[in-house]
Amino acid sequence: MTDLPKVVVHRARLKKNLEVLGQRLNDAGIQVAGVTKVFGAYPEITELYDQADNIQYLADSRIENFANYPPNTEKPKMLLRIPMISQVAKVVAHADISLNSEIETIQALNEAATQANTTHQIILMIDLGDLREGIFDQEELLTTVGQIQELNNIELIGIGTNLTCYGAIIPTPEVLDKLVSFKELIEERYNIELHLISGGNSSSIYLLDEEQPGIPPGINMLRIGEALVLGRETAYGDKIYGMHEDAFVLEAEIVEYKEKPSYPIGPIGMNAFGEKVQFEDKGPMQRGIIALGKQDVDFSNLIPIDERIEILGASSDHMIIDFTRAKADYALGSKVQFLLTYGSLLSVFTSKYVNKEII
Ligand SMILES: *Cc1c(COP(=O)(O)O)cnc(C)c1O
15 MTDLPKVVVH RARLKKNLEV LGQRLNDAGI QVAGVTKVFG AYPEITELYD QADNIQYLAD
75 SRIENFANYP PNTEKPKMLL RIPMISQVAK VVAHADISLN SEIETIQALN EAATQANTTH
135 QIILMIDLGD LREGIFDQEE LLTTVGQIQE LNNIELIGIG TNLTCYGAII PTPEVLDKLV
195 SFKELIEERY NIELHLISGG NSSSIYLLDE EQPGIPPGIN MLRIGEALVL GRETAYGDKI
255 YGMHEDAFVL EAEIVEYKEK PSYPIGPIGM NAFGEKVQFE DKGPMQRGII ALGKQDVDFS
315 NLIPIDERIE ILGASSDHMI IDFTRAKADY ALGSKVQFLL TYGSLLSVFT SKYVNKEII
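Quick note on numbering: the sequence shown equals residues 15 to 373 in the working numbering.
Set out below in structure tokens:
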């Protein structure tokens, strides 16, 4: 038995998610880059991605995570975060493809690839208004493509965009059509072919719904993280039909279970994190402490599976829960289970204090 707290990964549920969404996207003419950063490219989970027939690329934002990839994977490895210019040699050594927006970095990648006697593939990122990464200015875009043509060890395989990350811009067909028109503009101007048009992340999936217009023709790749692990698209947060939301379940143990007042006794100052907190007097309450805290998980968006219990707050290593409506069903030593959201999943896989169990 793996010690608590732990995140339990249900292999069959995750495999189903990879199959269902991968198939749907592939059927719509869209290749899938399976994004592994949210679970820190945990080896046994990454292996499922590697084995999934409907996932064509493996992608991560951190070079270190590629060390966890199956050494003999045949799927191209894609670096999602714009490379640090100080790390170009590592990028070329560990990734087949990287997403880029700075010509200086691309030139440095070319030098590193030349030295390593290899060719590095890039996807040029275009900012369509979300204001995270990508070239914003059309003239800069065209100039950059021209400069890339002069590099012998860089292959421009496509263009891409990232949406709904910083600016929360929804990928509407109009927004994605802009990306396709940039492809046409570049191909015409430079007489080249761009093979991949990477139209974003989990927030583009809603377009496949029946009542939606579909993903514009021309977009032929998406980079998918959250939707595969949590079974939700991220433009509107809707559940995706046929997928599991509970492929990942966080479990922790009750270490104190007592009836106490709901309002602290004595003058109120700041909590352990220097915050002023408001309390509501709800009378006596069945309170439980579980051995899980801020050092383990970003608890603000943890979802208790038992809808009768409520998270009251947490400090570094204690979480206080109101069990009043479920009093008889728990005791000292009981296990409490939570569904995870993107932020909480990222944090449990980053914390060394949360064990991982794959079943
Ligand atoms: C993290 C990331 C993704 C995956 O985003 P999800 O919303 O988890 O699908 C895609 N592209 C880039 C550039 C990323 O950094």
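We put the CB at the ideal spot given by N, CA and C, even for glycine.
- Within the region 270-324, the runs of beta strand (DSSP E) that reach at least 3 residues and sit entirely inside it are, in chain order, 298-304.
- Taking C-beta atoms under 8 Å as the contact rule, phenylalanine 363 and methionine 333 fail to qualify, at a distance of about 18 Å.
- In this structure, the beta-carbon distance from leucine 156 to glutamine 121 does not fall below 8 Å.
- Nearest neighbour of phenylalanine 352 by Cα position, chosen from Asn31, Pro318, Pro227, turns out to be Pro318.
- Annotation for valine 34: the continuous alpha helix (DSSP H) segment containing it runs 25-41.
- Non-local C-beta neighbours of alanine 55 in its own chain, meaning closer than 6 Å and more than five positions away in sequence, comprise Asp74, Asn79, Asn82, ordered along the chain.
- A heavy atom of ligand 1 is found nearer than 7 Å to the CB of valine 52.
- Collapsing the DSSP output to three states places histidine 108 in a helix.
- With fewer than 16 neighbouring CB atoms inside 10 Å of its own CB, asparagine 86 falls in the exposed class.
- In the three-state scheme derived from DSSP, where H, G and I count as helix and E and B as strand, glutamine 135 is classed as strand.
- Between the beta-carbon of isoleucine 137 and that of serine 218 there is about 15 Å, and that puts the pair past the 8 Å contact cut.
- In this structure, DSSP gives arginine 146 a state outside helix and strand, which the three-state scheme calls coil.
- Assigned with DSSP and collapsed to three states, leucine 236 falls in strand.
- The alpha-carbon of serine 348 is positioned some 6 Å away from that of glutamate 267.
- Counting along the chain, the unbroken beta strand (DSSP E) around asparagine 369 starts and ends at 369-372.
- Contact annotation: leucine 32 and tyrosine 63 have beta-carbon atoms nearer than 8 Å.
- Within the region 37-103, the beta strand (DSSP E) runs of at least 3 residues that lie entirely inside it are, in chain order, 45-49, 71-74, 91-93.
- The beta carbon of leucine 208 sits closer than 8 Å to the beta carbons of Leu170, Ile171, Gly172, Ile173, Lys197, Ile200, Glu201 from its chain, once the five residues preceding and following it are set aside; these are given in chain order.
- Counting only runs of 4+ residues, the alpha helix (DSSP H) found wholly inside the region 157-209 occupies 187-204, in chain order.
- It is roughly 12 Å from the alpha-carbon of glutamate 188 to the alpha-carbon of leucine 221.
- Around the C-beta of glycine 181, fewer than 16 other C-beta atoms lie within 10 Å, and the residue is accordingly described as exposed.
- Taking 8 Å as the cut-off, the Cβ atoms of leucine 18 and alanine 345 do not count as close.
- For lysine 349, the three-state secondary structure derived from DSSP is strand.
- Annotation for isoleucine 117: the continuous alpha helix (DSSP H) segment containing it runs 117-129.
- In the three-state scheme derived from DSSP, where H, G and I count as helix and E and B as strand, glycine 357 is classed as helix.
- In this structure serine 216 is buried. Its beta-carbon is surrounded by 16 or more other beta-carbon atoms within 10 angstroms.
- Looking at the backbone, the Cα of tyrosine 250 and that of histidine 108 are separated by about 35 Å.
- Scanning Gly143, Leu210, Ile149, Glu147 for the CA closest to the CA of isoleucine 184 turns up Gly143.
- Residue nearest to cysteine 179 within the set Val159, Ile238, Glu225, Tyr367 is Ile238 (criterion: CA-CA distance).
- A distance below 7 Å between beta-carbons, with the five flanking residues on each side excluded, links aspartate 320 to the following residues of its chain, in chain order: Ala340.
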